[in-house]
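If you read the sequence shown in this note's numbering, its first letter stands for residue 156, the second for the next number, and so on.
Just so you know, even glycine gets a beta-carbon here, dropped at the ideal spot from N, CA and C.
Encoded as structure tokens, the structure appears first; notes follow it.
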Amino acid sequence: MDLKEKIDLQKLPKHIAIIMDGNGRWAKNRGEMRVFGHQNGVESVRQTSTAAADLGIEFLTLYAFSTENWKRPKCEVDALMSLLVQTLNSELGTLMDNKIRLKAIGNINQLQPECYRQLLETMDKTKHNNRMDLILALNYSGRWEISQAAAKIAAEVKAGKLDPQMIDQDIFKNYLETRDIPDPELLIRTSGEYRISNFLLWQAAYSELYFSSKLWPDFRKDDLYEAILDYQNRERRFGMISEQIKQVDNK
Ligand code: FPP
């Protein structure tokens with residue numbers, strides 16, 4: 156029985172988020188420039204996205220460029236932006252064939268202009284696809300997202316449009332980039348690092364964390380299936396006790 160067949164399709168996470176890490180080390184291990192790792196990471200993006208859509212995952216979020224990534228050498232930032240433009244262009248067929256809708260979270264209008272333009276174009280061309288949303292986190296960080304939500308809320312309070320007494324978790328969520336997206340049940344990070352690195356800080360409150368030792372360019376469909384199988388063997392308690400969860404499951 157292969158790994159995919161072992162997955163219980165009735166217990167799939169709706170939303171999987173991935174911190175794609177290890178491109179630089181993958182390239183270095185081969186005596187190549189870091190950008191070679193990013194280029195090879197595109198195949199992993201393709202495999203993971205199509206495998207997730209085939210299984211019936213509804214949302215897949217990939218951390219593609221953080222607000223901190225601007226601090227990398229300019230040549231790497233430029234190479235990443237060009238790779239993104241090139242990939243969005245060349246993978247349009249894959250997105251259409253697999254009925255994947257492209258979305259983005261992050262401060263995207265501050266991306267390099269060609270990258271922003273290509274992103275808007277691909278999002279527009281795929282907007283009627285309805286099998287899975289592929290959400291790219293670009294120029295994104297959790298702290299940026301939470302602080303800009305707080306700023307928007309403060310502006311609405313100041314303008315008399317929002318009563319501070321009304322602000323609770325459900326209201327706050329509406330000011331986040333992910334307002335229309337459920338929280339990820341499963342958060343995967345590759346490359347054997349055990350950090351969240353400013354990704355989906357609000358949304359990952361109850362996510363199951365899965366750490367793969369694979370470097371991102373080596374991550375394949377079977378690695379995704381393994382992560383999902385691991386998730387399916389966990390008990391999610393949300394602060395309750397085991398017996399309460401079993402009662403809820405049996406209802
Ligand atoms: C982290 O590895 C990876 C990134 C910052 C970029 C991810 C980009 C891609 C996979 C390219 C294409 C993406 C899309 C969505 C088309 P790292 O450079 O931090 O690796 P290291 O920790 O080994 O240095």
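Residue i vs residue j beta-carbon contact at 8 Å
i	j	result
Ala-304	Leu-331	yes
Val-197	Ala-234	no
Arg-392	Asn-353	no
Ile-255	Ser-204	yes
Ile-162	Gln-399	no
Reduced DSSP secondary structure (H/G/I, E/B, other) of residue i
i	result
Arg-375	coil
Tyr-386	helix
Leu-317	coil
Arg-344	strand
Met-287	strand
Tyr-295	strand
Leu-356	coil
Phe-191	helix
Thr-333	coil
Phe-327	helix
Leu-210	helix
Asp-252	helix
Leu-158	helix
Ile-322	coil
Cβ neighbours of residue i in the same chain (closer than 7 Å, five flanking residues each side left out)
i	result
Phe-220	Leu-235, Leu-293, Asn-294
Gly-211	Leu-164, Leu-167
Ile-301	Leu-356, Trp-357
Lys-280	Leu-247
Ser-237	none
Span of the beta strand (DSSP E) around residue i
i	result
His-170	170-174
Arg-256	255-260
Leu-217	214-221
Gly-363	First, the amino acid is wrong: residue 363 is Glu here, not Gly. Note, Glu-363: beta strand (DSSP E), 363-366.
Contact test: residue i Cβ vs the ligand NAD heavy atom, cutoff 7 Å
i	result
Val-232	Among the ligands modelled here, namely the ligand FPP, the ligand NAD does not occur.
Start-to-end residues for the alpha helix (DSSP H) that takes in residue i
i	result
Glu-269	268-280
Leu-167	No alpha helix (DSSP H) holds Leu-167; DSSP gives it neither H nor E.
Gln-241	229-245
Asn-184	178-184
Sequence-distant residues of its chain with Cβ nearer than 8 Å to residue i (five each side left out)
i	result
Ser-397	Glu-390
Own chain, CB closer than 6 Å to residue i, minus 5 neighbours either side, in chain order
i	result
Leu-239	Cys-270
Met-278	Leu-257
Ala-206	Lys-376, Leu-379
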